[in-house]
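Working notes, structure below.
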Amino acid sequence: MPVGDLVTRPGHIQYGDLLLGPGTPYQWENLTGWDDLPGLDSGTVPRPAAHGAYPGLLLAQTRVIGLDGLIIRAPVERIGAVAGALTAATGPVVDELPFVAWLDDRGPRLTYARAVRRSVPTGLYRVGLSIGGAVEWEATDPRWYEVAERSVWAGLPAPEPGLDWHAEQGERLDFPLEFGAPGSTGAMSVTNAGDAETHPVVEFRGPVDRPSVTNVRTGDVLEYDIPLAADDVLVIDTHAGTVTLNGGASRLYAVTSRSVPEETWTLPSGTSDLVFRAAPGSADPAARCTIRYRSAFW
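Counting in the working numbering, the sequence shown runs from 2 upward without gaps.
Here it is in structure tokens:
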């Protein structure tokens, strides 16, 4: 199912398949840590022979999200099942789950998190209530994202057909002239509408030899010395830093010396132009480079 498919109005929070807020048995009062700036690890170092310090990188720590004032309300004969659905949905898991919250006019926003603490008072179960509960989540990626994923793609550069000047003798050329369909340029444009860098997923589809994509704005390149057949797909997850062929074997070893580390190939805030290229002579029109991403926010 699409991420955040149950979130339809302000006050809704969806964690995995669990929906909290208006129209559900689970009401809440306060969400902490959502708009807060997460803790920062500072690379700033003192100047050894002068006042002040040399500014270093600021790297965000994990984001801790807390939901307070949780109220569970259900008929007495169902309070156990309703509370049990909450506890089952907020148990320990290996992989982070989508966490979508719609708090205000900015609309729903997404992060990925795991529940790490939970309190569900049971003193009023006899009247179908649990009052004063709380849940805490930890998001290892502290950014939050737009819910809808964006996607652009391009083929390899191809020449334009141009105008056919070889008209038969006596044949007139009628205006406006038809110059044919424009050829592919291999160019793409992406817009990160947020204020934080975002890590895209890059897909190269064959047939293509030594595919690469360059961010013209930053100059950063991803390039892999590998031939891809017509049915091959090379997927680069720049957040995870992985390169996989056909959903299985790693192909990190195919990276060329022109490439930057995958984790550093990001889309800055604003618009970036990208270009898809390949080895000389590799120009099959079926080859594709697809960029999938979400705008990211602090």
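A virtual CB, placed ideally from N, CA and C, is assigned to each residue, including glycine.
#1: Taking all protein chains shown into account, do 16 or more other C-beta atoms lie within 10 angstroms of the C-beta of Leu268, making it buried, or fewer, making it exposed?
#2: I want to know whether the region 114-126 touches the region 86-93 - three or more CB-CB distances under 8 Å.
#3: With a threshold of 8 Å on Cβ separation, who are the neighbours of Gly5 within its own chain once the five nearest residues in sequence on each side are excluded?
#4: Roughly how many angstroms lie between the CA atoms of Thr9 and Pro23, to the nearest whole one?
#5: Taking the alpha-carbon positions, what's the Thr141 to Glu97 distance?
#6: So, helix, strand or coil for Arg10, using DSSP?
#7: How big is the Cα-Cα spacing for Ser251 and Leu20?
#8: Using the Cβ count rule (16 or more neighbours within 10 Å means buried), how would you classify Leu58?
#9: Distance, Cα to Cα, Ala194 vs Asp69?
#10: Assess, as a yes-or-no matter, whether the region 259-266 is touched by the region 218-227 under the definition of 3 or more beta carbon pairs within less than 8 Å.
#11: Which partner residues of Gln15 appear in the DSSP bridge assignment?
#12: Between which two residues does the beta strand (DSSP E) holding Leu1 run?
#13: What's the gap between the Cα of Ala75 and the Cα of Gly12?
#14: For Ile292 and Trp103, what's the separation of their Cα atoms in angstroms?
#15: Write down every uninterrupted run of the beta strand (DSSP E) in the region 48-91 whose length is 3 residues or greater and which is fully enclosed by it, in chain order.
#16: Give me the DSSP bridge partner(s) of Asp42.
#17: State yes or no: is the C-beta of Trp145 within less than 8 Å of the C-beta of Cys290?
#18: When we look at the beta-carbon of Ile132 and count the other beta-carbons within 10 Å, is it buried (16 or more) or exposed?
#19: What do you reckon, are the CB atoms on Gly1 and Ala135 nearer than 8 Å?
#20: Taking only the alpha-carbon atoms, compute the straight-line gap between Val244 and Ser270 and give it to the nearest angstrom.
#21: Confirm, please, whether the CB-CB distance from Val128 to Thr88 is below 8 Å.
#22: Would you mind reading off the limits of the beta strand (DSSP E) that contains Thr239?
#23: Sorted by chain position, which residues of the same chain lie with C-beta nearer than 8 Å to Pro286's C-beta, five sequence neighbours on each side aside?
#24: I think Leu235 touches Pro201, with their Cβ atoms under 8 Å apart; what is that distance to the nearest whole Å?
#25: Roughly how many angstroms lie between the CA atoms of Ala54 and Trp35, to the nearest whole one?
#26: I want to check one thing, is the minimum distance from the CB of Leu20 to the heavy atoms of the ligand ZN below 7 Å?
#27: Does the Cβ of Gly40 have 16 or more other Cβ atoms within 10 Å, making it buried, or fewer, making it exposed?
According to the structure data:
#1: buried
#2: yes
#3: Gln15, Pro99, Val101, Pro109, Leu111 and Val148
#4: One C-alpha to the other measures close to 10 Å.
#5: 9 Å
#6: coil
#7: The C-alpha of Ser251 lies about 36 Å from the C-alpha of Leu20.
#8: Burial is judged here by how many other beta carbons sit within 10 angstroms of a residue's own beta carbon; Leu58 has fewer than 16 and is exposed.
#9: 31 Å
#10: yes
#11: The bridge partners DSSP lists for Gln15 are Leu20 and Val101.
#12: What the structure shows of the chain is the stretch from 2 to 299, and residue 1 is not part of that stretch, so it cannot be assessed.
#13: Rounded to whole angstroms, the separation of the alpha carbons of Gly12 and Ala75 is 19 Å.
#14: 26 Å
#15: 59-61 and 64-74
#16: Answer is Leu60, bridged to Asp42.
#17: no
#18: exposed
#19: Any answer about residue 1 is impossible in this case: the structure gives the chain only from 2 up to 299.
#20: 24 Å
#21: No, they are not a contact pair.
#22: Taken as a continuous stretch (DSSP letters only), Thr239 belongs to no beta strand (DSSP E), as it is neither H nor E.
#23: Gly156, Leu157, Ala159 and Ser185
#24: With 8 Å as the limit, Leu235 and Pro201 do not qualify as a contact, their Cβ atoms being about 14 Å apart.
#25: 31 Å
#26: In terms of ligand content, the structure shown is empty, and the ligand ZN therefore cannot be addressed.
#27: exposed
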